[in-house]
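Below is one structure, written out as structure tokens; comments come after it.
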Amino acid sequence: MSTTRVRFAPSPTGEMHIGNARTALYNWMFARHEGGAFILRIEDTDRARHDEAAVQVVVDSLQWLGMDWDEGPFFQSERLALYNEKVEALLAEDKAYVDEDPERGACVRLRVPPGISHFDDIVLGSTRVDRAEINDFVIRKADGFPAYNFACVVDDVDMKISHVIRGVGHTKNTHTQLVVYEALGAPIPRFAHMPLILGTDGKPYSKRHGSVSVLDFSKEGYLRQGLANFIALLGWAPGNDEEILPMEEMIRRFDLSDIKKSDAQLNPEKLDWMNGKYIRSLSVPELIEELTPFLSEAGYAVDRYPQAWLEQVVALYQENLKRLAEFPDKAVYFLTEGVVYEEKAVKKVLQKEGTKALLEKIVAALENTSEFTHATLEALLGKIAETESIGFGKIAQPIRVAITGGTVSPGIYDTMLVLGREVVLERLKKAIAMTTEINGTS
RNA sequence: GUCCCCAUCGUCUAGCCUGGCCUAGGACACCGCCCUUUCAAGGCGACGACGCGGGUUCAAAUCCCGCUGGGGACGCCA
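Using this note's numbering, the letters of the first sequence correspond one by one to residues -5 to 436.
Set out below in structure tokens:
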């Protein structure tokens, strides 16, 4: 059994930032790669920030991305006895002392011995800091709660963490925490600090760049596999040119030493591209399942449509989607009874000289056949194109606008077939009537 | 301000540790072409980078130094 033990230890802030998600993912992938344990620990030692719902966000985010944990979640707020025991021991050994503040009360500080602090980071390499820069720091706050740098180490020791994988903002903390390991006489784990994720302006990725939290990306219609693959590749590459990597593959190839030292900008276009790749890799039933919440959100109850028919519609859009959330709007003329005509499309296509007559011929031809298949439609429309001696585009576009309301849709045969003979005829007639009106008033 | 870190196409990156195979490879985006009934998807192609200056060396994207630029950390927050 592997002795590799890692942990993800967020403070419950109410949202899981994309950068934190990547840190969690790297921890998790590393644990799975090594056959070790992934532990979830909630660092809720700040009373003012305590929030139950915020913990749920962490859990939901992790689960949504497909991460599971072997131990926890542990809550630091429930482990005060352990921290106090350690504080008292340090006090007894005179490695720590009480610092009285007339206003805030008494806290406990750890004595920082002089010297040069040094450790080898798996990502950053050798790092060193003069301890003269580290003041005796607080390990127990006046409110009785442990301070971050203390609770973190006590827990990492207690939980036998072998590798501490966290954001680059913690490198100085690591030097501070090394003092605690020393005072405790505890073995020191390996450290790996992750670079930052930046926005397109090169500043740390934040709300003004777009979605920041994992759950926000989910709401926008990114697939868990797509987002996970994308953020994993922000700062890590498996060493060859492959980019679409299913989770199992990423786990197999993951290596902490392949993580880049420099910060990475999040490129939204590439995320969309990658998400589209994953959408296309799904089976139609799987895609429907992913689409269901978005359909409901838009007011379309999925069970309102025959499953087989819905599969046809979804199949038509699978090649077109970048984000799941785009679907309801794009497929609106399949999902609702009526058609909403875009003014521009009507003006550009339907109001053309001869279009009305053309549509009437199409209606007549369709009414003459009871068969409504790809073959018959192709023969029928092809014949009209031929007798009218016009390109097929000249005939497909008016139909498209008439039955969808716009100039963009899946293939015209497929669109007609899935819409069905009745609906197609009804919409064509409606368009003809409308065209008459427009012509009449102009 | 003090300390620390980083630096290859616009962006994500391969290559750097173990100099030569790099006239620097791939991907996204952009542009063009093909496919084509629209939009996509797909295929093909074009554009596009080793931040600058010194070294070391027969040879540097790769090693060293400086500069410039960018970023981070400096709480009884985590």
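We treat Cβ as the ideally placed atom computed from N, Cα and C, and that holds for glycine.
Tyr272 in three-state terms, based on DSSP: For the purposes of this step, residue 272 is taken as the residue at position 278 of the first sequence. If DSSP states are grouped into helix, strand and coil, Tyr272 belongs with the helices.
Suppose only complete runs of 4+ residues qualify. What are the alpha helix (DSSP H) ranges in the segment 301 to 373, listed by chain order? 301 to 311, 321 to 324, 326 to 329 and 349 to 362
Determine the contact status of Val151 and Ala177, defining contact as a CB-CB distance below 8 Å. If you number the first sequence from 1, residue 151 lands on position 157. If you number the first sequence from 1, residue 177 lands on position 183. The answer is no: Cβ separation not under 8 Å.
Reference Thr281; option with closest CA among Arg(-1), Lys254, Asn314 and Leu344: Residue numbering aside, residue 281 sits at position 287 when the first sequence is read from its first letter. At residue 281 the sequence reads Leu, which differs from the Thr that was named. Comparing Cα-Cα distances from Leu281 to each of Arg(-1), Lys254, Asn314 and Leu344, the minimum goes to Asn314.
Between Ser212 and the rest of its own chain, which residues show a CB-CB distance below 7 Å, the 5 nearest in sequence each way excluded? Here residue 212 refers to the residue found at position 218 of the first sequence. Excluding sequence neighbours, Ser212 sits near Trp58.
CA-CA distance, Leu239 and Arg122? Position 245 of the first sequence, counted from the start, is the residue given in the question as residue 239. Position 128 of the first sequence, counted from the start, is the residue given in the question as residue 122. So the two alpha carbons sit approximately 36 Å from each other.
Starting from Thr121 and walking both ways along the beta strand (DSSP E), at which residues does that stretch end? Taking the first sequence and counting its residues from 1, one reaches residue 121 at position 127. Gly119 to Asp124 is the span of the beta strand (DSSP E), which, as asked, contains Thr121.
Bridge partner(s) assigned by DSSP for Tyr91: Stepping through the first sequence from its first residue, residue 91 is reached at position 97. DSSP, once it has assigned bridges, lists Arg103 as partnering Tyr91.
Counterpart residues of Glu280 in DSSP-defined beta bridges: Here residue 280 is taken as the residue at index 286 of the first sequence, counted from 1. Note: Glu280 sits in no beta bridge, so no partner.
Buried versus exposed, by CB contacts within 10 Å (16 or more), Arg26: Here residue 26 corresponds to residue number 32 of the first sequence, with the count starting at 1. Buried, since its Cβ has 16 or more Cβ neighbours within 10 Å.
Using only alpha-carbon positions, find the residue among Gly8, Ser(-4) and Glu72 that is nearest to Phe32. As a position in the first sequence, residue 32 is number 38, starting the count at 1. Measuring from the Cα of Phe32, the nearest candidate turns out to be Ser(-4).
Beta-ladder partner(s) of Trp230, from DSSP: As a position in the first sequence, residue 230 is number 236, starting the count at 1. Answer is Ile253.
Taking DSSP as the reference, what is the three-state secondary structure of Asn433? Numbered from 1 along the first sequence, position 439 holds the residue referred to as residue 433. With a pLDDT of 49 at Asn433, under the threshold of 50, the predicted position of this residue should be treated as unreliable, and no value is reported.
Could you tell me if Trp303 is buried or exposed, where buried requires 16 or more neighbouring beta carbons within 10 angstroms of its beta carbon? On the first sequence, residue 303 is found 309 positions in, with the first residue counted as 1. Looking at its Cβ environment, which holds fewer than 16 other Cβ atoms inside 10 Å, Trp303 is exposed.
Would you kindly work out how many angstroms separate the C-alpha atoms of Glu127 and Trp63, rounded to a whole number? Locating residue 127 in the first sequence gives position 133, where the first residue counts as 1. Locating residue 63 in the first sequence gives position 69, where the first residue counts as 1. If I take the Cα positions, the gap works out to 37 Å.
Pull up the DSSP beta-bridge partners for Gln259, would you. Within the first sequence, residue 259 is the residue found at index 265, counting from 1. BP columns for Gln259 point to Leu192.
Any contact of the segment 269 to 287 with the segment 211 to 228, i.e. 3+ C-beta pairs under 8 Å? yes
Within a Cβ cutoff of 7 Å, which residues of the same chain sit near Asp408, ignoring the five residues on either side of it in sequence? Taking the first residue of the first sequence as 1, we reach residue 408 at position 414. Hits under 7 Å: Leu310.
From the DSSP output, in three-state form, read off Ile426 for me. Translated into the one-based positions of the first sequence, residue 426 becomes position 432. Three-state result, Ile426: helix.
Can you name the start and end residues of the alpha helix (DSSP H) that Pro67 belongs to? Working through the first sequence from its first residue, we reach residue 67 at position 73. Pro67 -> not in any alpha helix (DSSP H); beta strand (DSSP E) instead, spanning Glu65 to Phe69.
Am I right that Thr429 and Thr349 are in contact with their C-beta atoms under 8 Å? What's the rounded C-beta distance? Here residue 429 corresponds to residue number 435 of the first sequence, with the count starting at 1. Here residue 349 corresponds to residue number 355 of the first sequence, with the count starting at 1. Going by Cβ atoms, the distance from Thr429 to Thr349 rounds to 7 Å, so yes, they are a contact pair.
With a threshold of 7 Å on Cβ separation, who are the neighbours of Asn14 within its own chain once the five nearest residues in sequence on each side are excluded? As a first step, residue 14 must be located in the first sequence, where it is residue number 20. Answer for Asn14: Pro4, listed in chain order.
Can you tell which of Ser71, Met61 and Gly30 has the C-alpha that lies nearest to the C-alpha of Ile36? One-based indexing of the first sequence puts residue 36 at position 42. With distances taken between Cα atoms, Ile36 lies closest to Ser71.
Hey, out of Arg184, Leu352, Glu372 and Val51, whose CA is closest to Ala425's CA? Counted from its first residue, the first sequence places residue 425 at position 431. Nearest C-alpha to Ala425: Leu352.
Within 8 Å, strictly: CB atoms of Ala437 and Val92: Residue numbering for the chain in the displayed model covers -5 to 436; residue 437 lies beyond these limits and cannot be assessed.
Nearest-angstrom beta carbon gap, Val174 and Pro147 [assumed within contact, 8 Å]: For the purposes of this step, residue 147 is identified with residue 153 of the first sequence, where counting begins at 1. For the purposes of this step, residue 174 is identified with residue 180 of the first sequence, where counting begins at 1. Per the sequence shown, the amino acid found at residue 147 is Val instead of Pro. Yes, they are in contact, since the Cβ atoms of Val147 and Val174 sit about 4 Å apart, within 8 Å.
Using DSSP with H/G/I as helix, E/B as strand and the rest coil, what is Ile155? On the first sequence, residue 155 is found 161 positions in, with the first residue counted as 1. Three-state DSSP puts Ile155 in coil, outside helix and strand.
Are the beta-carbon atoms belonging to Gly60 and Met241 less than 8 Å from one another? Here residue 60 corresponds to residue number 66 of the first sequence, with the count starting at 1. Here residue 241 corresponds to residue number 247 of the first sequence, with the count starting at 1. Yes, they are a contact pair.
Considering Cα atoms alone, identify which of Glu365, Val418, Val117 and Thr363 is closest to Ala390. In the first sequence, counting from the first residue as 1, residue 390 sits at position 396. Among Glu365, Val418, Val117 and Thr363, the Cα nearest to that of Ala390 belongs to Val418.
Ordered along the chain, which non-local residues of its own chain (more than five positions away) have a Cβ less than 7 Å from that of Glu65? Translated into positions along the first sequence, residue 65 becomes position 71. Closer than 7 Å at Cβ, skipping near neighbours: Ala31 and Ile33.
Identify every residue that forms a DSSP beta bridge with Ala25. Here residue 25 corresponds to residue number 31 of the first sequence, with the count starting at 1. Answer is none; Ala25 lacks a bridge partner.
Quickly, what does DSSP pair Val0 with across the bridge? List them, please. By one-based count along the first sequence, residue 0 stands at place 6. BP columns for Val0 point to Phe32 and His157.
Relative to the C-alpha of Asp45, which candidate in Leu19, Thr7, Asp54 and Val340 has its C-alpha closest? Counting from one through the first sequence, the residue named residue 45 turns up at place 51. Minimum Cα distance to Asp45 is reached at Thr7.
Output the boundary residues of the alpha helix (DSSP H) element that contains Ser55. Residue numbering aside, residue 55 sits at position 61 when the first sequence is read from its first letter. Ser55 -> alpha helix (DSSP H) spans Glu46 to Trp58.
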